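S.K.: If you read the sequence shown in our numbering, its first letter stands for residue 26, the second for the next number, and so on. Mind looking over this structure? Questions follow.
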Amino acid sequence: MTHEARAEPTVQPLGEPLAPWAVRPETSRGRLHAEPAGDPRSPFQRDRDRIIHTGAFRRLQYKTQVFVFHEGDYFRTRLTHSIEVAQIARAIARRLRLDEDLAEALALAHDLGHPPFGHAGEEALDGQMRPYGGFDHNAQSLKVVTLLEARYAAFDGLNLCWETLEGLAKHNGPVRRPATYVAEYDARHPLDLTSHASAEAQVAALADDIAYNNHDLDDGIRARFFTLEEAAALPLIGDAYQEARANHPTAARERLTTETVRRVINAMVQDVVRETARRIAAIAPRSADDIRAAPEPVVAFSAPMQEANLLIRDFLFHRMYRHWRVNRAMQKSKRASQMVFQLLHGGPQMLPDEWRERAGEPGSPQAARVVCDYIAGMTDRYALEEHRRLTDPNIPG
26 MTHEARAEPT VQPLGEPLAP WAVRPETSRG RLHAEPAGDP RSPFQRDRDR
76 IIHTGAFRRL QYKTQVFVFH EGDYFRTRLT HSIEVAQIAR AIARRLRLDE
126 DLAEALALAH DLGHPPFGHA GEEALDGQMR PYGGFDHNAQ SLKVVTLLEA
176 RYAAFDGLNL CWETLEGLAK HNGPVRRPAT YVAEYDARHP LDLTSHASAE
226 AQVAALADDI AYNNHDLDDG IRARFFTLEE AAALPLIGDA YQEARANHPT
276 AARERLTTET VRRVINAMVQ DVVRETARRI AAIAPRSADD IRAAPEPVVA
326 FSAPMQEANL LIRDFLFHRM YRHWRVNRAM QKSKRASQMV FQLLHGGPQM
376 LPDEWRERAG EPGSPQAARV VCDYIAGMTD RYALEEHRRL TDPNIPG
């Protein structure tokens, strides 16, 4: 194994200097494959830029967040969600004097492994892959950036920094029972799976929660699954709604909705900053490794905010994610994913050339893994088209 730690020159960050417990670009553990020095960007800026230029990132534009792409142009997709997560992550990282570029890179990459049709697509692939180790979109994100993206002549994947890969693998906490691919990759490039991730990775994970709940509230109201007043029955949302109405008594309902959601996001961000500062003061870390060795995450909501966030999540679960319209779309999408997998796993000769060459024998574990990677990389639109091509004799193959 080779590394290029400390080989890449860095630019001085603007504003306040990084906190002692931030990940520092100049002390990065480097990349699996050494690369020439001389790029004026920091290592984490380079990682962010590589992620943005991937095909996997572009395809997020047509991958479901909650609504399948043909439900309407105004609802969020995996791409717009990832951009919103990155904005929140940068805002929190700046307040905490962490490396913003690393937090942003992780936010932009966290859903690269999501299959089409959101969680319904993930459930479909996990069910089909259960005899072969299952499917997990977080593990798939790591696979995308370390293997599946074929953009460089010298190596597979993007050759991202160790800190970026670590954050992708364990941004939700220590990994005691890694998914199959995570364990395989860790065996040749150890990512210290049993410790916490960096503060930057923890910021990206919490920014995901903040963006997910708040923007699903916005989309749910837009889809008329529930009203703003119904959502305002929840304590945190109610406070933001009353404040928005008091400050803008003549505002149109759509503007009141966005004003309310904006205030809820701001309240959550402020809470994360305060609670994280409190936890950092309690353990007095002197390095990023002290954050990794801490007994609990340092980036977190306070207990009252965590309870409020769970109430929002529960509300969305019952009023939006289990709405009959969403259920219908997800069941149809799930069956389409299952059928495409079964047809291609049993008949890998129907795969495009570059995939067929790697698939091996029909029905084999190797064929299952290749078909799973093939489907996971599809957009909603392409998956529906592939389903039609495989099942409708009137459509050319």
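We treat Cβ as the ideally placed atom computed from N, Cα and C, and that holds for glycine. None of the values given here were measured: they were computed from a predicted structure.
Using the three-state DSSP reduction, which class does T79 fall into: helix, strand or coil?
M.R.: Here residue 79 refers to the residue found at position 54 when the sequence shown is read from its first residue. Under the three-state reduction of DSSP output, T79 falls in the coil class, being neither helix nor strand.
S.K.: Could you check where the alpha helix (DSSP H) with A132 kicks off and where it finishes?
M.R.: Your numbering for residue 132 matches position 107 in the sequence shown. E125 to A134 is the extent of the alpha helix (DSSP H) around A132.
S.K.: With a threshold of 8 angstroms on Cβ separation, who are the neighbours of R31 within its own chain once the five nearest residues in sequence on each side are excluded?
M.R.: Position 6 of the sequence shown, counted from the first residue, corresponds to residue 31. Confidence at R31 is low in this model, with a pLDDT of 42, below 50, so the placement of that residue should be treated as unreliable; the coordinate-derived value is given next. Cβ neighbours of R31 beyond the five flanking positions: E51, T52, S53 and G55.
S.K.: Residues in its own chain within less than 7 angstroms of V324 by CB, not counting five upstream and five downstream?
M.R.: In the sequence shown, the residue the question calls residue 324 occupies position 299. Once the five neighbours on either side are set aside, the close Cβ partners of V324 are A224, Q227, V228, L231, V297 and T301.
S.K.: Mind checking who G182 pairs with in its DSSP beta bridge?
M.R.: Translated into the one-based positions of the sequence shown, residue 182 becomes position 157. Looking at the DSSP assignment, G182 forms a beta bridge with A175.
S.K.: Rounded to whole angstroms, what is the Cα-Cα separation between A309 and D315?
M.R.: By one-based count along the sequence shown, residue 309 stands at place 284. By one-based count along the sequence shown, residue 315 stands at place 290. Spanning the two alpha carbons is a distance of roughly 9 angstroms.
S.K.: Where R278 and R288 are concerned, what is the direct C-alpha to C-alpha distance, given to the nearest angstrom?
M.R.: Walking along the sequence shown from the start, residue 278 turns up at place 253. Walking along the sequence shown from the start, residue 288 turns up at place 263. About 15 angstroms.
S.K.: Measuring only the C-alpha atoms, how far is Q165 from I305?
M.R.: Counting from one through the sequence shown, the residue named residue 165 turns up at place 140. Counting from one through the sequence shown, the residue named residue 305 turns up at place 280. Cα to Cα, the separation comes out at about 32 angstroms.
S.K.: Please name the residue, chosen from E321, G385 and L127, that lies closest to L193 on a Cα-to-Cα basis.
M.R.: What you label residue 193 is simply residue 168 of the sequence shown in a count that begins at 1. With distances taken between Cα atoms, L193 lies closest to L127.
S.K.: Can you tell me the Cα-Cα spacing of P38 and V110, whole angstroms?
M.R.: The residue labelled residue 38 in the question sits at position 13 within the sequence shown. The residue labelled residue 110 in the question sits at position 85 within the sequence shown. Low confidence applies here, because P38 scores a pLDDT of 46, under 50, leaving its location unreliable; read the following figure in that light. Their backbone Cα atoms lie some 21 angstroms apart in a straight line.
S.K.: Shortest alpha-carbon distance to R270 belongs to which of L259, T282, P260 and L261?
M.R.: Mapped onto the sequence shown, residue 270 falls at position 245. Checking every option, the nearest Cα to that of R270 belongs to T282.
S.K.: Closest by CA to T205, which one among A62, G158 and S358?
M.R.: Your numbering for residue 205 matches position 180 in the sequence shown. The residue with the shortest Cα to Cα distance from T205 is G158.
S.K.: Just mark L4 as buried or exposed, buried being the case when its beta carbon has 16 or more other beta carbons within 10 Å.
M.R.: What the structure shows of the chain is the stretch from 26 to 422, and residue 4 is not part of that stretch, so it cannot be assessed.
S.K.: DSSP state of T205, grouped into three classes?
M.R.: What you label residue 205 is simply residue 180 of the sequence shown in a count that begins at 1. Helix.
S.K.: By how many angstroms is the C-alpha of M355 removed from the C-alpha of G146?
M.R.: The count along the sequence shown starts at 1 and reaches residue 146 at position 121. The count along the sequence shown starts at 1 and reaches residue 355 at position 330. Approximately 8 angstroms between the Cα atoms of the pair.
S.K.: Taking R83 as the reference, which of G402, H412, D417 and A319 has the closest Cα?
M.R.: Locating residue 83 in the sequence shown gives position 58, counting from the first residue. Minimum Cα-Cα distance from R83 among the listed residues G402, H412, D417 and A319 corresponds to G402.
S.K.: Note down, in chain order, each residue of its chain lying with its Cβ closer than 8 angstroms to the Cβ of T219, except the 5 sequence neighbours on either side.
M.R.: Sequence index remark: in the sequence shown, residue 219 carries index 194 (1-based). The residues are P199, V200 and R201.
S.K.: Kindly give me the distance between the Cβ atoms of R49 and L43, rounded to whole angstroms, as I take these residues to be in contact under 8 angstroms.
M.R.: Within the sequence shown, the letter at position 24 stands for residue 49. Within the sequence shown, the letter at position 18 stands for residue 43. That pair is a contact at about 6 angstroms.
S.K.: For L183, which residues in the same chain have their Cβ closer than 6 angstroms to its Cβ, ignoring the five residues on either side in sequence?
M.R.: Along the sequence shown, one-based indexing puts residue 183 at 158. R75, V170 and E174, listed in sequence order.
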